[in-house]
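Written out below as structure tokens is the structure these notes cover.
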Amino acid sequence: MIETIRTAVPADAPALAGVAAATFALACPPHTTEEAKAHFIATVLSEDRFADYLADPGRVLVLAESEGEAVGYTMVNLGEPEDGDVRAAIRIRPTSELSKCYVLAGHHGAGVAAGLMAASLDAAAASGAQGIWLGVNEENERAKRFYAKHGFERVGTKQFLVGGRLEDDWVMERPLPR
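Residue numbers (our numbering): 35 to 212.
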């Protein structure tokens with residue numbers, strides 16, 4: 035049962051890093067090595083990195099809690115994408131990126147991800163964005179189905195670096211509610 039979905043605050047950095055460390059592997063293709071996963075978690079999903087993300091006014095992090103424990107999170111990056119493939123693929127401007135959307139495995143199917151999605155779409159719309167995009171590994175069928183269910187459609191491709199290996203991601207986009 036979800037108790038709370040709220041905007042994360044600086045004190046949430048440890049909880050966010052914990053959920054990130056526990057869930058990142060769920061989004062990785064099967065060939066991603068344990069070393070590559072560990073390196074990505076240490077350099078991109080650490081408590082210090084989450085402290086940086088939370089201090090960045092160009093990001094909104096949303097946290098889901100159940101029984102006082104963090105069970106999922108999203109990160110919305112506000113503004114134009116840096117990646118040229120993404121800039122060429124997306125059609126709706128101004129835009130935001132749903133950069134991360136993760137829920138602990140024991141809470142899948144309980145509505146946590148849907149609640150996080152709704153709060154993330156609201157945060158992006160509140161920033162003035164008209165659309166929102168994301169990148170999802172082309173092999174992550176579960177995530178692609180979830181995003182399609184929430185109105186995202188494939189508009190292009192991009193690459194994502196994990197462990198020195200470039201992975202192919204779908205770029206998916208949807209308009210935001212007005």
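Backbone N, C-alpha and C fix where the C-beta goes; we use that ideal spot for every residue, glycine too.
From a predicted model like this one, the values you see are computed outputs, not experimental measurements.
In this chain, the beta strand (DSSP E) harbouring F194 covers 187-196.
V189 and T129 have their C-alpha atoms some 14 Å from each other.
Ranked by Cα distance from A98, the first of A59, E114, A159, V43 is V43. Exclusion of the five residues before and after M109 leaves Y87, R93, L95, S133, K134 as the residues of its chain whose Cβ lies within less than 7 Å of its Cβ. For the beta strand (DSSP E) assignment, the uninterrupted runs of no fewer than 3 residues enclosed by the segment 52-105 are, from N- to C-terminal side, 93-100.
A straight-line Cα-Cα distance of about 18 Å links A177 and A153. Judged by DSSP secondary structure, R176 falls within the alpha helix (DSSP H) whose first and last residues are 175-183. Under DSSP, I39 shares a beta bridge with A98.
The Cβ-Cβ distance between E175 and D203 does not fall below 9 Å. DSSP places D119 inside the alpha helix (DSSP H), whose first and last residues are 118-123. In this structure, the CA atom of L155 is about 24 Å from the CA atom of A56.
Residue state for P211 is assigned as coil, using DSSP reduced to three classes.
Apart from the 5 residues on each side of it in sequence, A49 sits with its Cβ closer than 6 Å to the Cβ of A104 in its chain, given in chain order. Taken through DSSP and simplified to helix, strand or coil, S133 comes out as strand. Segment contact: the segment 109-118 against the segment 66-75, fewer than three CB-CB distances shorter than 8 Å; contact not assigned.
For G165, no alpha helix (DSSP H) segment is defined; the enclosing uninterrupted segment is the beta strand (DSSP E) at 165-171. Taking A157 as reference, the option from F180, A144, G140, P91 with the minimal CA-CA separation is P91.
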